[in-house]
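Residue numbers (our numbering): 106 to 765. Note that beta-carbon positions come from the ideal geometry of N, C-alpha and C, so glycine has one too. Being a predicted model, the structure only gives us computed values, none of them experimental. Read through the structure below, which is laid out as structure tokens, and then see the notes.
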Amino acid sequence: GCNPLAETGRSKLQNQRAVLNQQILRAVRMRAGAENLLRATTNNKVREQVLLELSFVNSDLQILKEELEGLNISVEVYQNAEETFSIPLVPLGLKETKEVDFTLPLKDFILEHYSEDSSEYEDEIADLMDLRQACRTPSRDEAGIEMLISYFLQLGYVENRFFPPTRHTGLLFTWYDSFTGVPVCQQNLLLEKASILFNIGALYTQIGTRCNRQTQTGLENAVDAFQKAAGVLSYLKETFTHTPSYDMSPAMLNVLVKMMLAQARECVFEQIGLSGIRNEFFILVKMTQEVAKVGEVYMLVNTAMNQEPVKENIPYSWSKLAEIKSDHYKALAHYFIATILCDHELQPGDDKDQQEKALSQLYDCVPEGLMVLAVLKDKVQRKQLGKAHLRKAIVYHEEALRVCGLCKKLRNIDVLQEVLTAAHKRSLLKYAQQDTEDDFLSLIQAPDILPKTEHKIETIAPQFSKVKVKDFFHKLGPLTVFSAKQRWTAPRTIRLKHEAGELGFSLKGGSPVQIYCLDPLCSAASVGLKEGDYIVSVGGMDCKWLGVNEVLEKLKSVQEKPMEFEVISCQDTAASLHSKSATYSVGMQKTYSLICLAMDEDKIHQTKKAPLKVPFLSWGTKNRQKAASTLCLPSAVAGSSQIKKKLSPFTLFNTESSLY
Numbered sequence: 106g107c108n109p110l111a112e113t114g115r116s117k118l119q120n121q122r123a124v125l126n127q128q129i130l131r132a133v134r135m136r137a138g139a140e141n142l143l144r145a146t147t148n149n150k151v152r153e154q155v156l157l158e159l160s161f162v163n164s165d166l167q168i169l170k171e172e173l174e175g176l177n178i179s180v181e182v183y184q185n186a187e188e189t190f191s192i193p194l195v196p197l198g199l200k201e202t203k204e205v206d207f208t209l210p211l212k213d214f215i216l217e218h219y220s221e222d223s224s225e226y227e228d229e230i231a232d233l234m235d236l237r238q239a240c241r242t243p244s245r246d247e248a249g250i251e252m253l254i255s256y257f258l259q260l261g262y263v264e265n266r267f268f269p270p271t272r273h274t275g276l277l278f279t280w281y282d283s284f285t286g287v288p289v290c291q292q293n294l295l296l297e298k299a300s301i302l303f304n305i306g307a308l309y310t311q312i313g314t315r316c317n318r319q320t321q322t323g324l325e326n327a328v329d330a331f332q333k334a335a336g337v338l339s340y341l342k343e344t345f346t347h348t349p350s351y352d353m354s355p356a357m358l359n360v361l362v363k364m365m366l367a368q369a370r371e372c373v374f375e376q377i378g379l380s381g382i383r384n385e386f387f388i389l390v391k392m393t394q395e396v397a398k399v400g401e402v403y404m405l406v407n408t409a410m411n412q413e414p415v416k417e418n419i420p421y422s423w424s425k426l427a428e429i430k431s432d433h434y435k436a437l438a439h440y441f442i443a444t445i446l447c448d449h450e451l452q453p454g455d456d457k458d459q460q461e462k463a464l465s466q467l468y469d470c471v472p473e474g475l476m477v478l479a480v481l482k483d484k485v486q487r488k489q490l491g492k493a494h495l496r497k498a499i500v501y502h503e504e505a506l507r508v509c510g511l512c513k514k515l516r517n518i519d520v521l522q523e524v525l526t527a528a529h530k531r532s533l534l535k536y537a538q539q540d541t542e543d544d545f546l547s548l549i550q551a552p553d554i555l556p557k558t559e560h561k562i563e564t565i566a567p568q569f570s571k572v573k574v575k576d577f578f579h580k581l582g583p584l585t586v587f588s589a590k591q592r593w594t595a596p597r598t599i600r601l602k603h604e605a606g607e608l609g610f611s612l613k614g615g616s617p618v619q620i621y622c623l624d625p626l627c628s629a630a631s632v633g634l635k636e637g638d639y640i641v642s643v644g645g646m647d648c649k650w651l652g653v654n655e656v657l658e659k660l661k662s663v664q665e666k667p668m669e670f671e672v673i674s675c676q677d678t679a680a681s682l683h684s685k686s687a688t689y690s691v692g693m694q695k696t697y698s699l700i701c702l703a704m705d706e707d708k709i710h711q712t713k714k715a716p717l718k719v720p721f722l723s724w725g726t727k728n729r730q731k732a733a734s735t736l737c738l739p740s741a742v743a744g745s746s747q748i749k750k751k752l753s754p755f756t757l758f759n760t761e762s763s764l765y
């Protein structure tokens with residue numbers, strides 16, 4: 106990863122994001138405490154003081170939220186350093202997290218579950234922690250993407266090795282919402298995996314905005330990066346359907362995917378016009394349809410951003426920027442078609458049928474009383490319809506400038522103001538060049554333009570298989586056998602005297618090998634060997650990864666000494682209820698604040714959602730008289746009678762409980 110102390114523009118933004126997250130956390134704690142006191146007290150004087158304090162805290166939270174929105178719209182930091190005259194693209198900021206110490210939980214699990222010396226795995230645990238730490242500050246290139254994917258794949262191994270479905274290891278993962286700054290904390294590794302996926306998508310967006318949009322290669326790379334970002338975010342939405350964080354909720358991810366595809370579409374249009382737009386009839390028809398398509402997709406993005414529940418958490422400036430781009434590109438579409446009508450008169454050698462067909466494709470319906478062929482032939486009608494399109498283009502330009510001026514964050518982006526102003530002046534100049542004496546007689550309204558594109562933009566699914574990673578805990582044995590789901594006895598030592606003839610058993614399987622066809626009367630059975638045992642070492646040498654032939658060679662290599670090998674027996678995993686992971690997410694007001702992710706081997710239990718109003722942290726217990734962990738709901742004990750009550754998961758049962 107990058108040097109976390111490097112004073113780059115991006116690192117400064119991430120550091121500011123981390124500081125804001127902590128300030129938001131403190132403010133939310135104060136608000137939650139005040140709300141609890143307000144519900145508990147009956148003293149009117151105390152209630153008045155608490156209400157006053159709540160008003161101050163809510164004001165502070167609003168200010169902090171605006172500051173976080175300012176970081177999300179700080180797009181100029183992520184743009185290419187070259188001088189450019191293009192509307193800025195919007196990247197996603199990386200999610201922040203707290204440090205996690207894997208050492209004690211993993212060492213305890215190795216000793217307890219795998220019956221191995223956990224001190225031999227200190228280097229592997231340190232490598233895992235170093236990789237996670239590096240993923241907090243990835244480089245903004247393919248190497249950074251590869252590192253994040255490596256950690257994501259490594260988490261798959263860790264989940265299978267150390268996270269059994271029936272209990273928790275005690276590890277706590279905390280990630281901050283990218284838009285609200287609200288922390289989400291879980292003992293479930295799925296939060297870690299989902300957050301890393303989000304950061305992979307976010308890093309792709311930062312790579313896309315950094316590309317040089319003045320070159321063909323740069324624009325191609327930008328399109329590719331935004332399509333890959335959309336693919337990762339779409340994969341996150343489909344794979345992790347109950348992430349307890351607003352920025353990873355299905356509705357929000359759906360909007361982000363649309364926004365990334367819209368930015369890819371915008372780069373495609375810039376790519377088409379990079380070498381210049383020639384003032385030719387059919388070229389302008391093509392550009393009109395392409396730019397109308399860009400305006401349409403941004404209109405859909407803006408509509409999606411203004412729907413509940415996304416509207417409350419998406420940065421306001423993002424929604425306004427989508428609206429500005431929609432108006433700007435619609436104005437360009439009307440400007441192009443006006444140029445066609447005003448500058449290109451039908452000449453004797455022109456193909457009337459082809460021009461009529463091309464122009465007809467631009468309209469769903471022409472204004473009443475007009476025919477496309479008649480417009481092409483009649484100079485007056487061409488001028489009138491062309492000026493109608495110019496008037497509509499000017500209206501769209503003025504609306505884009507008005508919205509930009511109303512948004513505090515956007516009006517401070519100089520290049521955005523320059524692009525919008527230049528396009529507006531160009532349309533005004535074009536309109537001024539036309540004859541104006543008959544304007545008061547013209548009642549033609551410019552029809553809407555049909556968007557069309559020859560360039561397909563779609564999500565590119567993440568190619569995790571291209572990144573090769575090695576399981577840090579490879580020494581534990583093949584994952585198909587030595588996983589957290591399987592349970593075995595502690596290793597037993599089998600000692601056999603070397604005798605001529607058969608051993609009394611056969612070996613089968615791959616790695617590790619298994620005892621097969623054991624003779625119950627042989628000497629091996631008399632010293633404790635069982636049918637189905639796995640051989641894990643021979644003569645003190647680990648053989649978990651060896652096949653049948655290699656193990657037989659080791660057994661045969663024993664000549665005079667007694668044959669000595671270690672075996673383990675698989676234990677039947679009794680069916681038991683899963684313990685539930687209570688997720689707290691401070692101050693979240695909707696449906697993703699409490700989700701108990703209890704994973705079954707064959708199916709996923711139905712998730713539990715929190716009530717609409719969330720006054721405080723989400724934790725609970727099924728026994729009010731017993732101070733239980735605030736982060737783990739104990740599983741029901743078979744045979745015990747329990748009273749089932751519908752309790753709010755946000756009720757604070759133990760006032761002495763700490764946050765973590």
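What residue range does the beta strand (DSSP E) around residue i cover?
i	result
residue 279	278-281
residue 272	Neither: residue 272 is in no beta strand (DSSP E) and is coded neither H nor E.
residue 564	Unbroken run through residue 564: none, as it is neither H nor E.
residue 254	From DSSP, residue 254 is part of no beta strand (DSSP E) but of the alpha helix (DSSP H) over 247-267.
residue 641	639-643
residue 611	611-613
residue 620	619-621
Would you mind working out which of the options sits nearest residue i, comparing C-alpha positions?
i	options	result
residue 572	173, 256 and 191	256
residue 339	330, 312, 303 and 328	303
residue 374	410, 325 and 336	325
residue 395	457, 442, 614 and 359	442
residue 314	300, 332, 299 and 298	332
residue 625	613, 637 and 609	609
residue 191	434, 444, 409 and 148	434
residue 662	676, 643, 341 and 593	643
residue 328	298, 297, 372 and 359	372
residue 657	612, 638, 645 and 121	612
residue 297	595, 428, 170 and 203	203
residue 277	385, 268, 320 and 221	268
residue 524	534, 514, 538 and 506	506
residue 619	670, 600, 627 and 602	670
residue 308	335, 286 and 322	335
How many whole angstroms separate the CB atoms of residue i and residue j, which I take to be in contact at a CB cut-off of 8 Å?
i	j	result
residue 237	residue 205	7 Å
residue 501	residue 439	7 Å
residue 651	residue 219	With 8 Å as the limit, residue 651 and residue 219 do not qualify as a contact, their Cβ atoms being about 18 Å apart.
residue 532	residue 436	7 Å
residue 632	residue 599	6 Å
residue 362	residue 147	Incorrect: roughly 50 Å between the Cβ atoms, too far for contact.
Return the first residue and the last residue of the alpha helix (DSSP H) that residue i is part of.
i	result
residue 507	484-511
residue 425	421-448
residue 536	519-537
residue 673	Here residue 673 belongs to no alpha helix (DSSP H); instead the beta strand (DSSP E) covers 668-673.
residue 237	227-239
residue 291	Where residue 291 is concerned, there is no enclosing alpha helix (DSSP H), although the beta strand (DSSP E) it sits in stretches over 288-291.
residue 600	From DSSP, residue 600 is part of no alpha helix (DSSP H) but of the beta strand (DSSP E) over 597-601.
residue 210	208-218
residue 294	294-315
residue 351	No alpha helix (DSSP H) holds residue 351; DSSP gives it neither H nor E.
For residue i, collect the residues of the same chain with a Cβ closer than 6 Å to its Cβ; drop the 5 residues on either side in sequence, then sort them by chain order.
i	result
residue 370	399, 402 and 562
residue 587	581
residue 231	none
residue 447	491
residue 367	402, 403 and 406
Between residue i and chain D, is there a C-beta pair that is closer than 9 Å?
i	result
residue 260	Note that chain D does not occur in the displayed structure, where there is just one protein chain.
Got a sec? Which residues, its chain only, sit under 8 Å from residue i by beta carbon, not counting five neighbours each side?
i	result
residue 516	509, 510 and 522
residue 227	208 and 212
residue 411	424
Excluding sequence positions up to five away, which residues of its chain have a Cβ less than 7 Å from the Cβ of residue i?
i	result
residue 477	461, 464, 465 and 471
residue 265	584, 588 and 589
residue 162	132, 135, 136 and 139
Cβ contact check for the stretch 558-571 and the stretch 510-517: 3 or more pairs under 8 Å: no
Could you say if the stretch 353-361 and the stretch 376-383 meet the contact criterion of at least three C-beta pairs nearer than 8 Å? no
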